[in-house]
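All remarks here apply to the structure that follows.
Number of protein chains: 2
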Amino acid sequence: MLERMPPPSKRTNDPERTKRDILEVAMAEFASEGYSGARVDAIAARTRTSKRMIYYYFGGKEQLYLAVLEEAYRSIRALEDQLDIESCDAREGLRRLIEATFDHDERNPNFIRLVSIENIHHGKHLKQNVQLRQLNASVIATLDGILKRGREEGVFRDDVDAIDLHLAISSYCFFRVANRHTFGALFDRDLSEPKVLARSRTQIVEMILAWLGAGT
Amino acid sequence: MLERMPPPSKRTNDPERTKRDILEVAMAEFASEGYSGARVDAIAARTRTSKRMIYYYFGGKEQLYLAVLEEAYRSIRALEDQLDIESCDAREGLRRLIEATFDHDERNPNFIRLVSIENIHHGKHLKQNVQLRQLNASVIATLDGILKRGREEGVFRDDVDAIDLHLAISSYCFFRVANRHTFGALFDRDLSEPKVLARSRTQIVEMILAWLGAGT
DNA sequence: TCGATAATGTACGAACTAGTACGTTTACGC
DNA sequence: GCGTAAACGTACTAGTTCGTACATTATCGA
Numbered sequence: 511m512l513e514r515m516p517p518p519s520k521r522t523n524d525p526e527r528t529k530r531d532i533l534e535v536a537m538a539e540f541a542s543e544g545y546s547g548a549r550v551d552a553i554a555a556r557t558r559t560s561k562r563m564i565y566y567y568f569g570g571k572e573q574l575y576l577a578v579l580e581e582a583y584r585s586i587r588a589l590e591d592q593l594d595i596e597s598c599d600a601r602e603g604l605r606r607l608i609e610a611t612f613d614h615d616e617r618n619p620n621f622i623r624l625v626s627i628e629n630i631h632h633g634k635h636l637k638q639n640v641q642l643r644q645l646n647a648s649v650i651a652t653l654d655g656i657l658k659r660g661r662e663e664g665v666f667r668d669d670v671d672a673i674d675l676h677l678a679i680s681s682y683c684f685f686r687v688a689n690r691h692t693f694g695a696l697f698d699r700d701l702s703e704p705k706v707l708a709r710s711r712t713q714i715v716e717m718i719l720a721w722l723g724a725g726t
Numbered sequence: 511m512l513e514r515m516p517p518p519s520k521r522t523n524d525p526e527r528t529k530r531d532i533l534e535v536a537m538a539e540f541a542s543e544g545y546s547g548a549r550v551d552a553i554a555a556r557t558r559t560s561k562r563m564i565y566y567y568f569g570g571k572e573q574l575y576l577a578v579l580e581e582a583y584r585s586i587r588a589l590e591d592q593l594d595i596e597s598c599d600a601r602e603g604l605r606r607l608i609e610a611t612f613d614h615d616e617r618n619p620n621f622i623r624l625v626s627i628e629n630i631h632h633g634k635h636l637k638q639n640v641q642l643r644q645l646n647a648s649v650i651a652t653l654d655g656i657l658k659r660g661r662e663e664g665v666f667r668d669d670v671d672a673i674d675l676h677l678a679i680s681s682y683c684f685f686r687v688a689n690r691h692t693f694g695a696l697f698d699r700d701l702s703e704p705k706v707l708a709r710s711r712t713q714i715v716e717m718i719l720a721w722l723g724a725g726t
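From first to last, the protein sequence lines stand for chains V and F. So in the numbering used here, the last one in the first sequence is 726, and the numbering has no gaps at all. So in the numbering used here, the last one in the second sequence is 726, and the numbering has no gaps at all.
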């Protein structure tokens with residue numbers, strides 16, 4: 511009575527593809543549901559493969575989350591690399607970097623959400639990972655270069671350092687994406703709408719440049 | 511053998527106190543663990559009362575979270591009320607409002623965390639609640655008044671509206687607190703340290719004032 | 001004072017969820 | 001070809017977690 515299907519479709523082994531598949535699905539799930547809200551079974555279900563493989567390749571839910579977080583950070587930086595900041599003056603270079611940060615955050619809401627989630631969990635996973643700190647050092651170095659050049663050109667004040675500046679820029683770009691939902695609900699302004707977005711993009715540049723130039 | 515204690519301590523009914531007790535504990539738990547990470551049993555355990563009462567008064571986990579969120583927002587606003595902004599010029603009034611926002615966010619990390627959590631959940635609870643929108647309208651009105659006055663005084667540009675301004679101010683104040691952990695881990699700067707804090711507090715004021723004055 | 005209702009405590013259950021035991025198939029070196 | 005290890009699938013379990021059934025006590029108005 512029981513029709514026992516003889517293995518109808520040939521299984522095909524492809525460890526790399528399987529790992530990538532799991533990582534991608536896991537990234538979406540964690541970013542959407544948070545760490546505790548994410549379900550291992552839900553991730554497995556949306557994968558070409560089974561839950562067994564998650565544990566085979568990653569070890570467990572927490573390690574999978576860690577891998578996702580690392581992957582997210584890794585695919586992020588080197589943001590400044592293709593900007594060709596050297597070839598223009600300090601104000602123009604800074605403008606480009608701000609706009610690149612803005613566009614990056616806008617295009618990577620999952621990354622933004624993962625960082626928010628990581629902060630909810632007191633950053634305990636990030637703190638464990640030494641490599642990620644170095645990845646982020648490059649933005650600071652870039653900003654530092656721009657600041658130095660701006661001071662030499664006489665267009666920037668000298669009592670603001672690279673980390674101050676990074677805080678100012680990324681807080682605005684980050685918040686716009688991270689707090690989109692509550693901000694939109696409370697103030698009836700959809701920050702993802704193209705016109706509003708373009709307005710914000712202009713304003714953050716104005717703000718930073720006005721600030722740095724204020725002392726000169 | 512089994513010593514059956516005859517009710518040793520008289521039970522004392524105090525519904526209001528019980529409700530407040532639950533709300534306070536729940537606020538801490540949700541803010542610390544996130545919505546999915548929060549445990550109803552953990553909340554009950556830290557309460558004077560039992561889990562039964564959570565369901566008796568609030569109905570369930572989600573409704574409890576909603577009550578916490580509402581309470582958090584409610585205890586927040588009227589921030590601008592005791593600032594006496596009318597009595598000074600526009601720039602000074604704005605400075606006071608920025609500093610008040612900054613201090614407020616610094617002093618209420620649980621509120622900040624709850625807002626982050628609510629955004630992780632796509633703001634779906636906040637969207638359900640009509641009252642909360644009105645509570646927040648007052649900041650916008652206050653900012654609008656300041657902007658108008660500043661334009662009359664000829665010290666503020668006229669192409670920035672109250673919501674633009676609120677976004678700029680609160681993004682910085684919020685991010686400092688919300689992303690404290692990842693920022694600290696990545697850039698080795700503890701944003702909660704008094705000296706760093708004071709520096710940021712000065713800088714956000716400078717930034718906003720420089721920006722608004724840039725066109726004049 | 002007494003009865004009705006609000007307030008509370010205890011113990012339990014049903015469903016979910018991370019993780020695993022066990023068995024099978026593919027791929028690849030020799 | 002063939003044997004071995006890597007890659008994979010299924011079915012299950014142990015523990016957790018939200019929620020509730022049932023019983024009891026306090027309170028307050030009539």
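All C-beta atoms, glycine included, are put in the ideal place defined by N, C-alpha and C.
Step through the CB atoms of chain V and report whether any lies within less than 8 Å of the CB of F/A688. Residue numbering aside, residue 688 of chain F sits at position 178 when the second sequence is read from its first letter. So, interface residue.
With 8 Å as the threshold, decide whether the Cβ of V/I650 is near any Cβ in chain F. Residue 650 of chain V sits at position 140 when you count from the first residue of the first sequence. Interface residue, yes.
Return helix, strand or coil for V/N618, following the three-state DSSP convention. By one-based count along the first sequence, residue 618 of chain V stands at place 108. Three-state DSSP puts V/N618 in coil, outside helix and strand.
Alpha-carbon to alpha-carbon, F/L533 and F/E526: Position 16 of the second sequence holds residue 526 of chain F. Position 23 of the second sequence holds residue 533 of chain F. Taking the straight line joining both Cα atoms gives about 11 Å.
Count the other C-beta atoms from every protein chain shown that fall within 10 angstroms of the C-beta of F/A582, then say buried if there are 16 or more, exposed otherwise. In the second sequence, the residue the question calls residue 582 of chain F occupies position 72. It counts as buried.
For F/I630, decide whether its Cβ has a neighbour in chain V, counting only Cβ atoms nearer than 8 Å. By 1-based counting over the second sequence, the position of residue 630 of chain F is 120. Judged by the 8 Å Cβ criterion, F/I630 is in contact with chain V.
First and last residue of the uninterrupted alpha helix (DSSP H) at F/G723: Mapped onto the second sequence, residue 723 of chain F falls at position 213. P704 to G723 is the extent of the alpha helix (DSSP H) around F/G723.
For F/M515, does the three-state DSSP call read helix, strand or coil? Residue numbering aside, residue 515 of chain F sits at position 5 when the second sequence is read from its first letter. Annotation note: pLDDT 36 at F/M515 (below 50); position unreliable, coordinate value reported separately. Looking at F/M515 - three-state DSSP - the assignment turns out to be coil, as it is neither helix nor strand.
What number of angstroms, rounded off, separates the C-alpha of F/F684 from the C-alpha of V/D524? Counted from its first residue, the second sequence places residue 684 of chain F at position 174. Counted from its first residue, the first sequence places residue 524 of chain V at position 14. If you take the alpha carbons of F/F684 and V/D524, they lie about 45 Å apart.
Which of the three DSSP states, helix, strand or coil, is assigned to V/N629? In the first sequence, residue 629 of chain V corresponds to position 119, counting from 1. V/N629: helix per DSSP, three-state reduction.
Chain V residues whose Cβ lies nearer than 8 Å to that of F/T692: As a working note, residue 692 of chain F is residue 182 in the second sequence. Within 8 Å Cβ-Cβ: V625, E628, N629, G633 and L636.
Using the Cβ count rule (16 or more neighbours within 10 Å means buried), how would you classify F/R562? As a working mapping, residue 562 of chain F is identified with position 52 in the second sequence. Looking at its Cβ environment, which holds fewer than 16 other Cβ atoms inside 10 Å, F/R562 is exposed.
For F/Y566, which residues in the same chain have their Cβ closer than 8 Å to its Cβ, ignoring the five residues on either side in sequence? Mapped onto the second sequence, residue 566 of chain F falls at position 56. Result list for F/Y566: empty, nothing under 8 Å.
Identify which residue in V/R659, V/F666 and V/L593 has its Cα closest to the Cα of V/L719. Start at 1 with the first residue of the first sequence, and residue 719 of chain V comes out as number 209. Minimum Cα distance to V/L719 is reached at V/F666.
Status (buried if at least 16 other CB within 10 Å, exposed otherwise) for V/E602: Taking the first residue of the first sequence as position 1, residue 602 of chain V is located at position 92. Result: exposed.
How is F/E663 classed by DSSP in three states: helix, strand or coil? As a first step, residue 663 of chain F is located in the second sequence; it is residue number 153 there, counting from the start. In the structure shown, F/E663 sits in coil (DSSP, three-state: anything other than H, G, I, E or B).
In this structure, does DSSP put V/I564 in helix, strand or coil? On the first sequence, residue 564 of chain V is found 54 positions in, with the first residue counted as 1. The answer is helix: DSSP assigns V/I564 an H, G or I state.
On the three-state DSSP scale, how would you describe V/T559? For this step, residue 559 of chain V is matched to residue 49 along the first sequence. Reduced to three states, the DSSP call for V/T559 is coil.
Please report the straight-line C-alpha distance between V/S681 and V/Y545, rounded to a whole angstrom. Within the first sequence, the letter at position 171 stands for residue 681 of chain V. Within the first sequence, the letter at position 35 stands for residue 545 of chain V. Answer to the nearest angstrom: the Cα atoms are 23 Å apart.
Rounded to whole angstroms, what is the Cα-Cα separation between F/I656 and F/L604? For the purposes of this step, residue 656 of chain F is taken as the residue at position 146 of the second sequence. For the purposes of this step, residue 604 of chain F is taken as the residue at position 94 of the second sequence. For the pair F/I656 and F/L604, the Cα-to-Cα distance works out to about 7 Å.
Starting from F/S546, trace the alpha helix (DSSP H) in both directions and tell me its first and last residue. In the second sequence, the residue the question calls residue 546 of chain F occupies position 36. Here F/S546 belongs to no alpha helix (DSSP H), and DSSP marks it neither H nor E.
Got a sec: is the Cβ-Cβ distance from V/S681 to anything in chain F below 8 Å? Counting from 1 along the first sequence, the entry for residue 681 of chain V is found at position 171. Chain F places a beta carbon closer than 8 Å to that of V/S681, counting this residue as a contact.
Using alpha carbons as the reference points, say which of V/P619, V/E590, V/I630 and V/G570 lies closest to V/A688. Working through the first sequence from its first residue, we reach residue 688 of chain V at position 178. That would be V/P619, whose Cα lies nearest to the Cα of V/A688.
Where F/T528 and F/I553 are concerned, what is the direct C-alpha to C-alpha distance, given to the nearest angstrom? As a first step, residue 528 of chain F must be located in the second sequence, where it is residue number 18. As a first step, residue 553 of chain F must be located in the second sequence, where it is residue number 43. Distance between the alpha carbons of F/T528 and F/I553: 13 Å.
For the alpha helix (DSSP H) that contains F/E580, what are its first and last residues? Locating residue 580 of chain F in the second sequence gives position 70, where the first residue counts as 1. The continuous alpha helix (DSSP H) containing F/E580 extends over residues K571 to R584.
Is the CB-CB distance between V/V715 and V/E609 below 8 Å? As a first step, residue 715 of chain V must be located in the first sequence, where it is residue number 205. As a first step, residue 609 of chain V must be located in the first sequence, where it is residue number 99. Yes; because the gap between Cβ atoms is below 8 Å, this pair is in contact.
Straight-line gap, F/W721 to F/S542 (C-alpha atoms, nearest Å): As a first step, residue 721 of chain F must be located in the second sequence, where it is residue number 211. As a first step, residue 542 of chain F must be located in the second sequence, where it is residue number 32. One C-alpha to the other measures close to 36 Å.
Could you name the residues of chain V that F/G544 contacts, counting a contact when the two beta carbons are closer than 9 Å? Numbered from its first residue, the second sequence carries residue 544 of chain F at position 34. The answer, in chain order, is G544, Y545, S546, G547, I627, I630 and H631.
Close-in-space but distant-in-sequence residues of the same chain around V/V550 (CB under 7 Å, 5 per side omitted): Counting from one through the first sequence, the residue named residue 550 of chain V turns up at place 40. If we look at V/V550 and ignore the five residues flanking it on each side, its Cβ neighbours are K561, I564 and K571.
Taking just the CA atoms, how far does F/K637 sit from V/I586? The residue you call residue 586 of chain V lines up with position 76 of the first sequence. The residue you call residue 637 of chain F lines up with position 127 of the second sequence. Rounded to whole angstroms, the gap between the alpha carbons of V/I586 and F/K637 is 31 Å.
Taking its Cβ as the centre, do 16 or more other Cβ atoms sit within 10 Å of V/M511, making it buried, or is it exposed? Residue 511 of chain V sits at position 1 when you count from the first residue of the first sequence. In this prediction, V/M511 has a pLDDT of 35, which is less than 50 and means its spatial position is unreliable; nothing more can be read from the coordinates.
Anyone know if the C-beta pair for V/L701 and V/T652 falls short of 8 Å? Residue 701 of chain V sits at position 191 when you count from the first residue of the first sequence. Residue 652 of chain V sits at position 142 when you count from the first residue of the first sequence. Cβ distance not < 8 Å, so V/L701 and V/T652 don't count as in contact.
F/E539: which of F/F693, F/R623, F/D594 and F/Q641 sits nearest, CA to CA? Stepping through the second sequence from its first residue, residue 539 of chain F is reached at position 29. Measuring from the Cα of F/E539, the nearest candidate turns out to be F/R623.
Have a look at F/K634, F/H632, F/H635 and F/V670 and flag the residue whose alpha-carbon is nearest the alpha-carbon of F/I650. Locating residue 650 of chain F in the second sequence gives position 140, where the first residue counts as 1. Proximity to F/I650 across F/K634, F/H632, F/H635 and F/V670 peaks at F/V670, based on C-alpha coordinates.
Should V/D700 be flagged as near chain F, meaning a C-beta pair shorter than 8 Å? As a position in the first sequence, residue 700 of chain V is number 190, starting the count at 1. Not an interface residue.
Establish whether the CB of F/D654 and some CB of chain V are separated by less than 8 Å. Numbered from 1 along the second sequence, position 144 holds the residue referred to as residue 654 of chain F. Output row for F/D654: interface = no.
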